[in-house]
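Structure record follows, encoded as structure tokens.
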Amino acid sequence: MTPGCASRSGPSESVAAGHARRDVTGEAGRRYWSRAHASWIASSSGSRVGRRFLAIVGEEHARSAASGPPTRSPIASRPPAVPVMGSSPAWRASVGAPAGLGAGLALGSLLRRRR
Numbered sequence: 001m002t003p004g005c006a007s008r009s010g011p012s013e014s015v016a017a018g019h020a021r022r023d024v025t026g027e028a029g030r031r032y033w034s035r036a037h038a039s040w041i042a043s044s045s046g047s048r049v050g051r052r053f054l055a056i057v058g059e060e061h062a063r064s065a066a067s068g069p070p071t072r073s074p075i076a077s078r079p080p081a082v083p084v085m086g087s088s089p090a091w092r093a094s095v096g097a098p099a100g101l102g103a104g105l106a107l108g109s110l111l112r113r114r115r
């Protein structure tokens with residue numbers, strides 16, 4: 001949930017309401033909003049956009065709660081398979097690229113000092 005969705009009136013507010021409606025119809029979303037709305041109020045109520053965002057999500061949460069019990073949140077039957085660390089080319093690239101960048105920056109800095 002992001003307050004930026006409700007930054008303009010009109011179509012973007014209906015989009016924000018649609019996202020909020022989707023987020024609070026399930027049991028996980030309702031539980032999250034029940035626990036987190038106070039911190040959202042503390043951090044978002046200082047601006048007009050933040051207040052509007054809170055109003056949209058609050059309205060959708062109230063509407064969802066009034067409509068009956070939450071929809072059951074999907075539960076994965078088993079966790080997704082995780083490849084063994086180091087066996088994937090993507091893992092090697094994700095480690096190799098920063099290492100190469102760091103080595104290049106260190107070498108460039110060393111060469112600049114020698115001038």
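Going by the UniProt record's numbering, 95 is the number at position 95 of the sequence shown; the sequence numbering is gapless. Even glycine gets a Cβ: it sits at the ideal position worked out from N, Cα and C. Keep in mind the model is a prediction, meaning the values are calculated, not measured.
- Message: Out of Glu59, Gly108 and Leu107, which one is the CA nearest neighbour of His19?
- Response: Nearest C-alpha to His19 among Glu59, Gly108 and Leu107: Glu59.
- Neighbourhood of Arg63 by C-beta distance below 8 Å, restricted to the same chain and skipping five residues each side: Once the five neighbours on either side are set aside, the close Cβ partners of Arg63 are Arg21.
- Would you mind reading off the limits of the alpha helix (DSSP H) that contains Ser47? Neither: Ser47 is in no alpha helix (DSSP H) and is coded neither H nor E.
- Message: Less than 9 Å between the C-beta atoms of Ser67 and Leu54, yes or no?
- Response: Their beta carbons are not under 9 Å apart, which means Ser67 does not touch Leu54 by this criterion.
- Query: Straight-line CA distance for Gly108 to Leu101?
  - Reply: Rounded to whole angstroms, Gly108 to Leu101 spans 10 Å at the Cα level.
- According to DSSP, is Gly68 helix, strand or coil? When secondary structure is reduced to three states using DSSP, Gly68 falls in the coil class, being assigned neither helix nor strand.
- Is Ala16 closer than 9 Å to Ile56 when the C-beta atoms are compared? Ile56 places its beta carbon less than 9 Å from that of Ala16.
- Message: Can you look up Gly26 in the DSSP assignment and give me helix, strand or coil?
- Response: If DSSP states are grouped into helix, strand and coil, Gly26 belongs with the strands.
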